[in-house]
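Enquirer: For the sequence shown, the positions run 212 to 407 when my numbering is used.
Below are the structure tokens for one structure; questions will follow.
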Amino acid sequence: MLSMTNRLLFFLQLIDPHKMALMLSRLLVAPETNIIDAEFFLSLQIASCFYKKFIDQYFALYKKVKVYMEETVAKAKEVGYTQTMMNRKRYMPDLNSQNRQLREAAGRVAINSPVQGSAADLIKLAMIRLAQQISEKKLKSRMILQVHDELVFECPKEEEQEMRTLVKKEMEEVVQLKVPLVVDMGWGKNWNTAHC
């Protein structure tokens with residue numbers, strides 16, 4: 212008999228990585244299968260029964276995720292807002308709405324907001340620190356773009372190593388967490404080649 216992890220890994224191997232990323236993002240936003248419409252499954256060419264099995268196995272394997280989701284919604288209903296790691300609040304009046312659709316949509320936002328909001332807080336703090344460091348060190352490199360959790364810099368070749376060290380340090384040390392932040396880097400003539 213396969214362990215839960217092996218069954219889940221076997222299931223994941225049947226789905227291409229792009230579809231898996233879409234499924235996982237949808238799982239965290241809408242964990243109840245009845246919220247997700249049939250068009251979503253059809254677009255991924257995944258039968259809804261497989262998705263239901265995946266959700267059940269996912270929550271069996273990662274029990275704390277479900278607990279986090281339930282506790283986050285309950286606390287937000289009680290206090291009326293969610294909060295990021297940096298104490299930024301997002302108010303959620305619809306969590307107590309009489310309208311089920313509004314209430315469930317607010318629940319999904321309540322689950323997502325602390326995670327996505329905290330990630331936004333961290334990247335903004337890193338950007339501030341990096342801008343200060345680049346200015347203080349009088350580097351020619353420029354921060355030119357933020358895309359979600361990525362920062363894009365324009366750097367002269369002679370500053371590559373210094374920038375790699377600086378960016379990695381500032382982004383990984385922006386806060387101290389139980390699980391360390393790990394930064395991956397790419398270098399290239401454009402954003403596309405930097406991802407290779």
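Cβ coordinates follow ideal geometry from the N, Cα and C atoms, glycine included.
The structure displayed is predicted, hence computed values, not measured ones.
What do you get for M396, buried or exposed, if any count of 16 or more other CB atoms within 10 angstroms of its CB means buried?
Expert: exposed
Enquirer: Is the distance from the Cβ of I285 to the Cβ of P304 below 9 Å?
Expert: Here residue 285 is Ala; the residue named in the question, Ile, does not match the sequence. No; because the gap between Cβ atoms is not below 9 Å, this pair is not in contact.
Enquirer: Have a look at R299 and E361 and give me their C-alpha separation to the nearest angstrom.
Expert: 21 Å
Enquirer: Just to confirm my understanding: we take V393, look at its own chain, exclude 5 residues before and 5 after, and list those with CB closer than 8 Å. What are they?
Expert: E383
Enquirer: I think P367 touches K351, with their Cβ atoms under 8 Å apart; what is that distance to the nearest whole Å?
Expert: 5 Å
Enquirer: Here's the rule I'm using: 16 or more other beta-carbon atoms within 10 Å means buried, otherwise exposed. How should I345 be labelled?
Expert: buried
Enquirer: The beta strand (DSSP E) with E361 in it runs from where to where?
Expert: E361 to E365
Enquirer: Between T293 and Q387, what straight-line distance do the alpha-carbon atoms span, to the nearest angstrom?
Expert: Looking at the two C-alpha atoms, the distance is approximately 21 Å.
Enquirer: In the structure shown, what three-state DSSP assignment does M354 receive?
Expert: strand
Enquirer: Taking C-beta to C-beta, are I334 and H359 nearer than 9 Å?
Expert: H359 sits close to I334, with the two beta carbons spaced by under 9 Å.
Enquirer: Indicate whether W398 and V363 have their beta-carbon atoms separated by less than 9 Å.
Expert: no
Enquirer: Find the nearest neighbour of Y279 within the set E347, N310, R319 and K380, judged by alpha-carbon distance.
Expert: R319
Enquirer: Thinking C-beta only, is T295 closer than 9 Å to A331?
Expert: yes
Enquirer: Assuming L341 and V378 make a contact with CB atoms under 8 Å, what is their CB distance in whole Å?
Expert: Between the beta-carbon of L341 and that of V378 there is about 6 Å, and that keeps the pair under the 8 Å contact cut.
Enquirer: Quick one: what does DSSP say Y273 is sitting in, helix, strand or coil?
Expert: Three-state DSSP puts Y273 in coil, outside helix and strand.
Enquirer: Measuring only the C-alpha atoms, how far is V385 from Y273?
Expert: 27 Å
Enquirer: Can you give me the start and stop residues for the alpha helix (DSSP H) that R301 sits inside?
Expert: Not the alpha helix (DSSP H): R301 falls in the beta strand (DSSP E), residues K300 to Y302.
Enquirer: In angstroms with no decimal places, state the Cα-to-Cα distance between G291 and Q372.
Expert: 47 Å
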